[in-house]
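K.L.:
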Amino acid sequence: MPDTAVGPWGVPFLGYAPFLIGGCIHEKLDRLKEKYGDIFCLNLAGKDVVIMSEWRLIRDAFNRHELNDRADLLMFRQFSDGNHGILGSCGNQWRENRRFTISVLRDFGLSKAPKLNAMIQQEVLKLCDLLRRNEDPQDFQHPLNLAILNLIWKLTAGKFIRKQFEHGDLQLDGLLDLVSKVKDDAVSLGLLQILPGLLHVWPLKEVEERKKFVTREPPKDYIEAYFQKMDEFKQKGESNPYFTELQLWVTVAELFIAGSETTSSAVRWFVLFLLRHPNMQEKIQSEVDRVVGKERIPSLDDRNQYWKTPNEFIPERFLDEDGNVMSNLPSLVPFGTGRRQCIGESLAKMELFLFVATFMQKFTFCVPQGYPIPSAEADGSFVITSPKPYKFLIRERLHT
Ligand code: HEM
62 MPDTAVGPWG VPFLGYAPFL IGGCIHEKLD RLKEKYGDIF CLNLAGKDVV
112 IMSEWRLIRD AFNRHELNDR ADLLMFRQFS DGNHGILGSC GNQWRENRRF
162 TISVLRDFGL SKAPKLNAMI QQEVLKLCDL LRRNEDPQDF QHPLNLAILN
212 LIWKLTAGKF IRKQFEHGDL QLDGLLDLVS KVKDDAVSLG LLQILPGLLH
262 VWPLKEVEER KKFVTREPPK DYIEAYFQKM DEFKQKGESN PYFTELQLWV
312 TVAELFIAGS ETTSSAVRWF VLFLLRHPNM QEKIQSEVDR VVGKERIPSL
362 DDRNQYWKTP NEFIPERFLD EDGNVMSNLP SLVPFGTGRR QCIGESLAKM
412 ELFLFVATFM QKFTFCVPQG YPIPSAEADG SFVITSPKPY KFLIRERLHT
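Just so we're aligned, residue 62 is where the sequence shown starts under my numbering, counting upward by one.
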């Protein structure tokens with residue numbers, strides 16, 4: 062850290078960390094930005110951290126290969142079980158596995174789009190049925206997480222899934238809790254207790270079992286694709302230290318963690334803003350009615366035809382003068398930017414589109430009588446900005 066670095070002082074040992082815990086972290090950092098400028102430094106428990114809050118600086122920094130690696134934090138080391146997986150790993154290990162995983166996800170996303178479409182639709186419809194059965198004020202965090210988790214599981218473990226996770230499945234409830242704790246506890250090093258359980262109890266069992274059924278046919282899921290890759294090296298008499306079973310377990314666990322709470326939080330934010338802006342809800346519903354109609358279920362093919370205004374809740378920022386979204390806005394980086402950019406972006410966008418379009422076709426979300434309009438304040442988690450819990454009532458729009 063240069064001597065000239067500016068930023069707030071903290072307390073001995075912990076630095077500025079105690080002042081960031083609790084409440085909305087981005088608002089706190091925003092206030093520091095007012096005082097110290099677009100780039101400043103903090104010390105967090107002995108680690109110097111650079112905070113950037115201007116998109117040009119961020120894009121520039123995140124594209125530099127010398128900044129590819131994760132910080133040397135206990136959290137990342139624990140997360141990557143040393144240096145495995147993608148999210149917390151560094152160097153060739155990260156590069157090789159990131160590249161491989163992107164290509165597998167791309168194959169599943171592009172060449173198998175109709176299958177993926179049907180898979181997501183099935184989960185959305187199951188969720189709609191569940192919501193429909195509940196006439197009381199409800200909070201859909203748990204069933205929504207379940208739907209998203211099931212989709213990742215299908216992509217990861219495909220047809221060998223022995224049992225679809227259903228409600229009341231204790232093993233699943235435990236997993237859902239773990240996944241959301243990862244997000245909540247990351248700042249307090251909760252990962253230390255959580256990750257070994259997550260890694261060993263669950264994906265490992267599936268990976269062990271799947272090892273026995275590897276084929277030479279086009280892979281049906283991520284685990285199979287990974288074993289085939291390992292087999293390729295074996296056939297050539299080579300051993301590749303970057304493609305191992307441990308690596309596979311860690312990556313599978315990471316896909317769960319990185320791909321579930323993120324996507325379900327985005328859907329929960331969407332419903333929260335509908336509750337806060339009923340007029341927007343009507344507008345979206347009539348757009349869905351116009352393009353999809355009332356009979357068929359929204360499909361990914363509908364994407365190009367409408368919803369040029371997904372960010373209506375803060376419209377001016379993201380729309381051009383014709384009211385179209387400027388999707389290539391350089392300052393809009395919900396999936397990150399540069400070399401660590403999200404590898405699940407396409408999948409997440411497919412999921413978000415189908416969840417949101419189907420909800421709008423079928424339901425009107427309302428604030429139950431006697432309940433407050435949900436606050437747009439985030440829950441204060443360190444890693445993923447989720448809404449605070451809220452409840453809603455649904456009114457059915459159609460009888461399909
Ligand atoms: C709305 C949903 C999602 C959002 C907002 C989101 C956001 C992000 C962001 C901002 C990053 C970059 C973090 C950084 O700069 O270090 C990231 C990385 C990552 N995301 Fe996502 N993500 C979402 C869904 C998914 C899904 C569905 C998957 C998996 C299928 C996934 C897997 C990953 C992985 C593995 C990384 C680490 C990449 C690396 O370190 O090279 N994400 N995500």
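Glycine included, C-beta positions come from ideal geometry on N, C-alpha and C.
What does T425 pair with, by DSSP beta-bridge criteria?
P.N.:
T425 is bridged to R456.
K.L.:
From this set, L191, L148 and K423, which residue's C-alpha is nearest T162's C-alpha?
P.N.:
The candidate whose alpha carbon is nearest that of T162 is L148.
K.L.:
Report yes if the CB atom of N158 is closer than 8 Å to the CB atom of T312, and no otherwise.
P.N.:
Cβ distance < 8 Å, so N158 and T312 count as in contact.
K.L.:
Just how far apart, CA to CA, sit C151 and F317?
P.N.:
Computed Cα separation, rounded: 19 Å.
K.L.:
Enumerate, from N- to C-terminal direction, the unbroken beta strand (DSSP E) stretches of 3 or more residues contained entirely within the region 65-132.
P.N.:
The qualifying runs are 100-105 and 108-113.
K.L.:
Using alpha carbons as the reference points, say which of K449, Q422 and Y283 lies closest to I434.
P.N.:
When only C-alpha atoms are compared, the closest one is K449.
K.L.:
Could you compute how far the alpha carbon of W155 sits from the alpha carbon of G146?
P.N.:
Looking at the two C-alpha atoms, the distance is approximately 7 Å.
K.L.:
Tell me the residue span of the alpha helix (DSSP H) that contains D362.
P.N.:
Careful: D362 lies outside any alpha helix (DSSP H) and carries neither H nor E.
K.L.:
Can you say whether V67 is buried or exposed, counting buried as having 16 or more other CB atoms within 10 angstroms of its CB?
P.N.:
Classification for V67: exposed.
K.L.:
So, helix, strand or coil for Q402, using DSSP?
P.N.:
If DSSP states are grouped into helix, strand and coil, Q402 belongs with coil.
K.L.:
Can you check whether the CB of F123 is closer than 8 Å to the CB of T324?
P.N.:
No, they are not a contact pair.
K.L.:
Please classify A437 as buried or exposed, where buried requires at least 16 other C-beta atoms within 10 Å of its C-beta.
P.N.:
Exposed.
K.L.:
My guess is that T425 and I358 are in contact by the Cβ rule of under 8 Å, so how many angstroms apart are they, rounded?
P.N.:
That belief does not hold up - the Cβ atoms of T425 and I358 are roughly 18 Å apart, past 8 Å.
K.L.:
Going by C-alpha distance, which of F453, L415 and I455 is nearest A174?
P.N.:
The shortest C-alpha separation from A174 is found at L415.
K.L.:
Cα-Cα, which of D362, E348 and S321 is closest to A208?
P.N.:
Per the Cα distances, S321.
K.L.:
Going by beta carbon distance, what residues of the same chain come within less than 7 Å of D440, once the five residues before and after it are set aside?
P.N.:
The answer, listed in chain order, is S447, P448 and K449.
K.L.:
Between which residues of its own chain and V111 is the CB-CB distance below 6 Å, once the five residues before and five after are set aside?
P.N.:
Taken in chain order, the residues that qualify are C102.
K.L.:
What is the residue span of the alpha helix (DSSP H) that T276 lies within?
P.N.:
Unbroken run through T276: none, as it is neither H nor E.
K.L.:
Residues in its own chain within less than 6 Å of W368 by CB, not counting five upstream and five downstream?
P.N.:
Because W368 carries a pLDDT of 48, less than 50, the predicted location of this residue cannot be relied on, and no value is offered for it.
K.L.:
What distance in whole Å lies between the Cβ atoms of V328 and V417, which are believed to be in contact at a cut-off of 8 Å?
P.N.:
Yes, V417 and V328 are in contact; Cβ-Cβ is about 7 Å, under 8 Å.
K.L.:
Tell me the residue span of the alpha helix (DSSP H) that contains Q182.
P.N.:
A174 to R194 is the span of the alpha helix (DSSP H), which, as asked, contains Q182.
K.L.:
If you run the structure through DSSP and keep just helix, strand and coil, what is P395?
P.N.:
Three-state DSSP puts P395 in coil, outside helix and strand.
K.L.:
Rounded to whole angstroms, how far is the Cβ of G219 from the Cβ of E285, which I believe are closer than 8 Å?
P.N.:
Contact holds; Cβ gap of about 7 Å.
K.L.:
Short of 7 Å in beta carbon distance, which residues of its chain neighbour F482, apart from the five on each side in sequence? Order them along the chain.
P.N.:
With the chain covering only 62 through 461, there is no way to say anything about residue 482.
K.L.:
Confirm, please, whether the CB-CB distance from R458 to Q346 is below 8 Å.
P.N.:
A contact, by the Cβ cut-off of 8 Å.
K.L.:
Helix, strand or coil, according to DSSP, for A439 in the structure here?
P.N.:
A439: strand per DSSP, three-state reduction.
K.L.:
Alpha helix (DSSP H) containing K297: first to last residue?
P.N.:
Element bounds for K297: n/a, residue is neither H nor E.
K.L.:
Spatial neighbours of L212 within its chain, please: C-beta separation below 7 Å, excluding the five flanking residues on both sides.
P.N.:
Excluding residues within five positions, the ones whose Cβ falls inside 7 Å are M180, I181, E184 and E412.
K.L.:
Note the first and the last residue of the continuous alpha helix (DSSP H) segment covering Q342.
P.N.:
First-last of the alpha helix (DSSP H) with Q342: P339 to V352.
K.L.:
Take V72 and list the residues in its own chain whose beta-carbon comes closer than 7 Å to its own, dropping the five residues that flank it on each side.
P.N.:
Answer for V72: P79, listed in chain order.
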